[in-house]
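Worksheet for the structure shown next.
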Amino acid sequence: MTTLVWFRDDLRLADHPALHAALDRGGPVLGLYVLDEESPGVRPLGGAARWWLHHSLASLAERLRERGSQLVLRRGPAADVVPEVAAAAGADAVVWNRRYGGPEREVDAAVKESLRGAGVDARSYAGNLLFEPWTVSTGQGGHYKVFTPFWRACLEQPPPRAPLPEPGRVPGPVRYPETDALADWGLLPTAPDWAGGLREAWEPGEPAARRRLREFLAADADAYDRARDAPAAGTTSLLSPRLRWGELSPHTVWREAVASGRSVGGFLSEIGWREFAWHTLFHFPALADDNLNARFDAFPWPPLDAEHLRLWQQGRTGVPLVDAGMRELWATGTMHNRVRMVVASYLVKNLLIDWRHGEQWFWDTLVDADAASNPFNWQWVAGSGADAAPYFRVFNPETQAKKFDPERRYIQRWAPEYVAGDAPVPEPLVDLGASRRRALDAYDVVKAAAAAPSRDQESP
């Protein structure tokens with residue numbers, strides 16, 4: 001009566017409904033992680049995400065060993081690998097926590113059909129969102145397109161369940177199927193090793209995630225609403241990669257935040273924004289490729305200026321706040337959220353470079369890039385997404401710096417030549433005022449297409 005637990009973006013033991021169900025069955029329990037970059041439509045991970053995955057898997061494997069079981073690693077199409085490992089383990093049940101992207105749901109359905117066809121019980125559980133996308137709908141039965149009513153509808157539901165306890169023991173089988181060596185997957189950069197800044201900034205794994213949650217709630221939560229827009233303040237939670245990889249469940253974050261007695265309303269609304277991104281992706285799986293608002297298909301993007309894109313990626317645009325943000329991203333695999341909006345607006349609206357190029361760069365360089373939040377937030381800035389910032393709202397990076405980094409501490413840390421004055425600085429790629437006017441002229445083409453139907457008004 002062996003149960004196979006298929007781990008995915010839920011690399012934890014605490015509040016893991018599938019693992020909890022496996023232990024409730026009794027008998028041996030075995031963990032499995034499949035590196036699937038071959039199933040149709042599944043997006044290969046970016047470089048920073050692969051670095052995080054390596055270390056988070058190492059942590060999970062160690063924690064399972066300490067409790068009496070192991071984590072089997074395999075590479076290949078999950079629809080082939082999962083039934084193969086289940087058969088090799090003699091498992092009569094396979095369990096997992098649900099995913100919500102289109103290609104991933106298709107993979108999971110194929111795995112479930114294959115297992116059940118072979119007489120293996122296959123079950124999925126809700127473990128990665130507070131509110132599953134199909135449980136929140138408008139009065140007309142459709143999906144939400146604006147955050148405020150979406151989040152209000154979520155909060156009118158019964159409160160999120162209590163987190164499940166972390167198991168003290170996970171009994172393993174007598175024999176284990178063959179496993180890949182994690183080092184053989186080549187997830188870590190070697191030629192060159194560009195991950196020094198990531199190693200300095202982060203410690204992946206569930207224990208570190210739990211520590212960070214406690215630290216944030218004890219030290220920074222009360223100041224979050226007041227100072228979260230100041231990139232030098234250090235009051236952000238730094239929990240986004242923990243949630244992206246499932247080292248923390250949103251239920252754990254929610255319950256501990258509420259129980260802390262701190263002022264956490266603004267912080268919890270950011271958890272709600274994450275829920276809204278997944279709600280949107282569930283109903284529009286092509287979020288990383290297609291404009292959610294079909295009218296933006298008419299936007300007259302000029303031919304790609306590859307040099308401008310490269311200089312933006314390198315933080316050499318001649319705009320201090322933009323360059324500081326892009327260098328923070330490269331060094332640490334993350335970027336302050338306010339600055340993310342500024343650098344995205346600059347790329348799309350001042351440089352007139354299609355948002356998809358920026359989304360792909362963030363996908364490759366962010367440790368917290370996931371299939372929902374990354375394209376969702378890029379489309380929000382571009383004006384083509386759900387609850388989007390109007391296209392004519394152009395973040396002026398100089399004004400943003402004066403307002404949110406008035407002492408230039410953030411700029412001094414990441415782009416010091418703009419503050420010290422003892423080193424040459426890049427010439428600005430474009431004039432901010434002239435490029436803003438050019439963007440608004442291009443937007444007139446979109447307004448002319450206003451009669452076209454919007455994809456966010458179509459049935460999912």
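In terms of full-length UniProt numbering, the sequence shown opens at residue 1 and continues consecutively.
Note that the Cβ used here is the ideal one computed from N, Cα and C, for glycine as well.
Per DSSP, reduced to three states, the secondary structure at D289 is coil, with no helix or strand assignment.
A distance below 6 Å between beta-carbons, with the five flanking residues on each side excluded, links L164 to the following residues of its chain, in chain order: D15 and H20. Less than 7 Å divides the Cβ of P17 from the Cβ of Y125. In the three-state reduction of the DSSP assignment, A78 falls in the helix class, which pools H, G and I.
The DSSP assignment places complete alpha helix (DSSP H) segments of no fewer than 4 residues inside the segment 228-301 at 240-244, 250-259 and 265-283, in order along the chain.
Residues of the same chain with a CB within less than 6 Å of the CB of N291, apart from the 5 flanking positions on each side, are D297 and S384 in chain order. In the structure shown, A195 adopts coil according to DSSP, grouped into three states. Excluding sequence positions up to five before and after L198, its CB lies within less than 6 Å of the CB of W51 and G333, all in the same chain and listed in chain order. Judged by beta-carbon spacing, P320 lies within the 7 Å limit of Y418, meaning their Cβ atoms are closer than that value. Every beta strand (DSSP E) stretch that sits fully inside the segment 24-80 and reaches 3 residues is listed by chain position as 29-35 and 71-75.
Per DSSP, the continuous beta strand (DSSP E) segment holding F7 begins and ends at T2 to F7. Between the segment 272-280 and the segment 388-401, the count of C-beta pairs closer than 8 Å stays below three; the two stretches do not touch. Following the DSSP letters along the chain, one finds Y176 in no beta strand (DSSP E), marked with neither H nor E. In the structure shown, Y418 adopts helical secondary structure according to DSSP, grouped into three states. Looking at A372, G168 and D108, the one whose alpha-carbon comes closest to that of A286 is A372. Distance from the Cα of G196 is smallest, within the candidate group L329, P207, D354 and W151, for L329.
Note that the segment 345-365 does not touch the segment 241-255; fewer than 3 beta-carbon pairs, one per stretch, sit closer than 8 Å. With a 10 Å radius around the Cβ and a threshold of 16 neighbouring Cβ atoms, R212 comes out buried. Taken atom to atom, the span from the alpha-carbon of L71 to that of A223 is near 40 Å. In this structure, the beta-carbon distance from G266 to D225 falls below 7 Å. For W96, the enclosing beta strand (DSSP E) covers residues A91 to N97. When DSSP reads this structure, Y125 sits in a beta bridge with N97.
If you look at D323, you'll find it in the alpha helix (DSSP H) that goes P320 to T332. Assignment of L188 by DSSP, reduced to helix, strand and coil, places it in the coil class. Here L164 carries a coil assignment [DSSP, helix/strand/coil]. Taking a C-beta distance under 7 Å as the contact criterion, G127 and D36 do not qualify as a contact pair. Annotation for A191: no residue places its beta carbon closer than 6 Å to its own, counting only its chain and skipping 5 residues before and after. In terms of Cα proximity to A233, the closest of Y410, D121, T3 and S137 is Y410. If you check the CB distance, A86 and V95 do not come in under 7 Å.
For D364, the enclosing alpha helix (DSSP H) stretches over residues W355 to T365. Shown here for T179: same chain residues with a beta carbon closer than 6 Å to its own, the five before and five after excluded, namely V72 and L73 in chain order.
Annotation for W414: A324, R327 and E328 place their beta carbon closer than 6 Å to its own, counting only its chain and skipping 5 residues before and after.
Distance from the CA atom of N337 to the CA atom of E427, rounded to whole angstroms, is 26 Å. Here the segment 109-117 makes no contact with the segment 133-142; the two share fewer than three CB pairs at distances below 8 Å. In the structure shown, Q157 falls within a coil segment according to DSSP collapsed to helix, strand and coil.
Per DSSP, T138 lies in no alpha helix (DSSP H) segment and is marked neither H nor E.
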